[in-house]
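**Student:** Here it is, the structure, as structure tokens.
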Amino acid sequence: MIKFLDLQKINLAHQQAIEARMLKTFRSGWYLLGEEVKQFEHNLSAYIGSKHTIGVANGLDALRLIFKAYIELGVMQPGDEVIVPANTYIASVLAITDNNLVPVFVEPDADTFNIDITKIEAAMSGKCKAVMLVHLYGQAIFSDTLKAMSQKYNFKIIEDNAQAIGVTHNGIKTGNLGDAAGFSFYPGKNLGALGDGGAVTTNDDGLAKAIRALANYGSETKYVNQYKGLNSRLDEIQAAVLDEKLKHLDIENERRREIATYYSQHITNPLIVLPKVPVDTAEHVWHLFVIRTAERDRLQQYLTENSIQTLIHYPIPLYKQEAYIEYAHLSFPITEAIHNEVLSLPISPVLTPDEVEKIVEVLNKYL
Ligand SMILES: *Cc1c(COP(=O)(O)O)cnc(C)c1O
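Here the sequence shown stands for residues 126 to 492, numbered as in our numbering.
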């Protein structure tokens, strides 16, 4: 069986270095808010180009904390609107509704799966205080027009960078394009911890300060609480592991690009619609390689029978989930077509050339 993602193999590639860092942290006797987190934050800031990085417990919290901080700082108020792509993972929207903000869904572009920026202005009301850009599947989405619009209408650009760490847009890393960004280090992400982890990046001093406090009980000084905060901290052990793995991220993302290019050049089955490789290859880090096909479930079944594991990102639009029953009446045709047709092929830095070739061969024989 070719696994969708072989996490064991991904992490064993750096076994010695990771074990050494974990052991060092174990022996240090210091497990939260220490030197490992500080060093990882410093190195991630340098990598992204952002002034601040705040390590937090997971990607959802990273996004939740950005909105929570904006509310505490008086930049946003409960009831304000946030524009978000209709086809994103539910976490993007949970971060909005958890803060009593109102998501306004916008259709994606069918070619890139990313929010259609040309449709944002029409969706914008006077209550819109933010646009959340989700760099979905690992592809950057940004435009100078949107940036200009954010100044004209006075809204924040927030990046959900959970899937796109390492990608650049016109030479600038995602996570440094907007006002603040949330990262996830869920084990399966391109930079994955051995458990949960997340981070916020921003160049805004005040926002960074508020988020750091909010993530630690709303406190800057121990037992002095300025806000009603959360407990959302990145562990020292996870930070040590991430700091070690960050050194290899660019090489691993490059391997993903090679596989994506190989798939794009060799999968020739007319029943399969391939994702477009961007002209500037740096704009995509291929967290997922997502194809489209009319009879998706039949193709998935066929691949399973041929020992190739695939996943669907995502089978149900978030506004059709039971959790969001209040949005059940909404309808977004492009989003729904995507959810019905997408299938994610295996892609990872440890997928071997033989495996890639086999996947191509099996796909090209599908009738
Ligand atoms: C993974 C992911 C998140 C949430 O990250 P967690 O670390 O699992 O909380 C948010 N948004 C997107 C687009 C994701 O893929």
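Note that beta-carbon positions come from the ideal geometry of N, C-alpha and C, so glycine has one too. Predicted model only: the values in this text are computed from it and were never measured.
(1) Less than 8 Å separating the beta-carbons of A407 and I472?
(2) Check each candidate in T326, L319, N212 and name the one with the smallest Cα separation from H570.
(3) To test your reading of the DSSP string, which unbroken beta strand (DSSP E) runs of 3 or more residues are found completely within the stretch 432–471?
(4) Please check the pair M257 and V292, which I expect to be a contact at CB under 8 Å, by giving their CB distance rounded to whole angstroms.
(5) With DSSP as the reference, label F192 as helix, strand or coil.
(6) Could you tell me whether the stretch 445–461 touches the stretch 264–271, using the rule of 3 or more Cβ pairs below 8 Å?
(7) Heavy atom of ligand 1 less than 7 Å from the Cβ of S469, yes or no?
(8) Pull up the distance between the alpha-carbon of N328 and that of F308, whole angstroms please.
(9) Would the C-beta of D131 count as close to ligand 1, meaning under 7 Å from any of its heavy atoms?
(10) What ranges does the beta strand (DSSP E) occupy inside the stretch 159–213, keeping only unbroken runs of at least 3 residues that lie completely in it?
(11) Name the two residues that bound the continuous beta strand (DSSP E) containing T91.
(12) Any idea if N315 is buried or exposed, counting beta-carbon neighbours within 10 angstroms, 16 or more meaning buried?
(13) Taking the alpha carbon of H438 as the point to measure from, which residue in E232, V366, R421, D330 has its own alpha carbon closest?
(14) Give me the Cβ distance between R358 and L148, rounded to the nearest whole Å; I'm assuming they're in contact under 8 Å.
(15) Nearest by alpha-carbon distance to L339: which of G331, K353, T346, K347 is it?
(16) Shorter than 7 Å, the distance from the beta carbon of Q288 to the closest heavy atom of ligand 1, or not?
(17) Examine the Cβ distances between the stretch 193–203 and the stretch 166–175 and report whether three or more of them are shorter than 8 Å.
(18) Check whether the Cβ atoms of N394 and Y278 lie closer than 8 Å to each other.
(19) Quick check on the DSSP output: the beta strand (DSSP E) that includes P228 runs from which residue to which?
(20) Thinking C-alpha only, which one of G331, L488, H409 is nearest I297?
(21) Where does F308 fall in DSSP's three states?
(22) Pick from F310, V398, L137, I290: whose alpha carbon is nearest that of A462?
(23) Does any heavy atom of ligand 1 sit closer than 7 Å to the C-beta of S510?
(24) Name the two residues that bound the continuous beta strand (DSSP E) containing I283.
(25) Would you kindly work out how many angstroms separate the C-alpha atoms of I127 and T429, rounded to a whole number?
(26) Taking K163 as the reference, give the member of I179, L396, T150 with the closest Cα.
(27) Kindly give me the distance between the Cβ atoms of I283 and I191, rounded to whole angstroms, as I take these residues to be in contact under 8 Å.
**Tutor:** So, to answer that:
(1) On the sequence shown, position 282 is the one that residue 407 refers to. On the sequence shown, position 347 is the one that residue 472 refers to. No, the Cβ-Cβ distance between A407 and I472 is not below 8 Å.
(2) This structure does not reach residue 570, given that the chain is present from 126 up to 492, and the question cannot be answered.
(3) 467–470
(4) Start at 1 with the first residue of the sequence shown, and residue 257 comes out as number 132. Start at 1 with the first residue of the sequence shown, and residue 292 comes out as number 167. Wrong, their Cβ atoms sit about 17 Å apart, outside the cutoff.
(5) Here residue 192 corresponds to residue number 67 of the sequence shown, with the count starting at 1. The answer is helix: DSSP assigns F192 an H, G or I state.
(6) no
(7) Locating residue 469 in the sequence shown gives position 344, counting from the first residue. Answer for S469: no, Cβ out of range of ligand 1.
(8) Looking up residue 328 in the sequence shown gives position 203. Looking up residue 308 in the sequence shown gives position 183. If I take the Cα positions, the gap works out to 15 Å.
(9) Start at 1 with the first residue of the sequence shown, and residue 131 comes out as number 6. Checking every heavy atom of ligand 1 against the Cβ of D131, none is found closer than 7 Å.
(10) 177–181, 206–210
(11) This structure gives no information on residue 91, because the portion of the chain shown stretches from 126 to 492.
(12) If you number the sequence shown from 1, residue 315 lands on position 190. Buried, because 16 or more other Cβ atoms sit within 10 Å of the Cβ of N315.
(13) In the sequence shown, residue 438 corresponds to position 313, counting from 1. The shortest C-alpha separation from H438 is found at R421.
(14) The residue you call residue 358 lines up with position 233 of the sequence shown. The residue you call residue 148 lines up with position 23 of the sequence shown. So it is not a contact: roughly 21 Å between Cβ atoms.
(15) Position 214 of the sequence shown holds residue 339. The option with the nearest alpha carbon to L339 is K353.
(16) Looking up residue 288 in the sequence shown gives position 163. Yes - ligand 1 has a heavy atom lying nearer than 7 Å to the Cβ of Q288.
(17) no
(18) Walking along the sequence shown from the start, residue 394 turns up at place 269. Walking along the sequence shown from the start, residue 278 turns up at place 153. Against a cut-off of 8 Å, the Cβ pair of Y278 and N394 comes out as no contact.
(19) On the sequence shown, residue 228 is found 103 positions in, with the first residue counted as 1. Per DSSP, P228 belongs to the beta strand (DSSP E) from 227–231.
(20) For the purposes of this step, residue 297 is identified with residue 172 of the sequence shown, where counting begins at 1. Of G331, L488, H409, the residue nearest in Cα terms is H409.
(21) Residue 308 sits at position 183 when you count from the first residue of the sequence shown. In this structure, F308 counts as strand in the three-state DSSP scheme.
(22) Working through the sequence shown from its first residue, we reach residue 462 at position 337. For the residues F310, V398, L137, I290, the minimum Cα distance to A462 belongs to V398.
(23) The chain is shown only over 126 to 492; residue 510 falls outside these bounds and no answer can be derived.
(24) Taking the sequence shown and counting its residues from 1, the one referred to as residue 283 is at position 158. It spans 281–285 - the beta strand (DSSP E) in which I283 sits, taken as one unbroken run.
(25) Numbered from 1 along the sequence shown, position 2 holds the residue referred to as residue 127. Numbered from 1 along the sequence shown, position 304 holds the residue referred to as residue 429. Distance between the alpha carbons of I127 and T429 is about 9 Å.
(26) The residue labelled residue 163 in the question sits at position 38 within the sequence shown. The candidate whose alpha carbon is nearest that of K163 is I179.
(27) Taking the first residue of the sequence shown as 1, we reach residue 283 at position 158. Taking the first residue of the sequence shown as 1, we reach residue 191 at position 66. Right, the Cβ-Cβ distance comes to about 6 Å (below 8 Å), so this counts as a contact.
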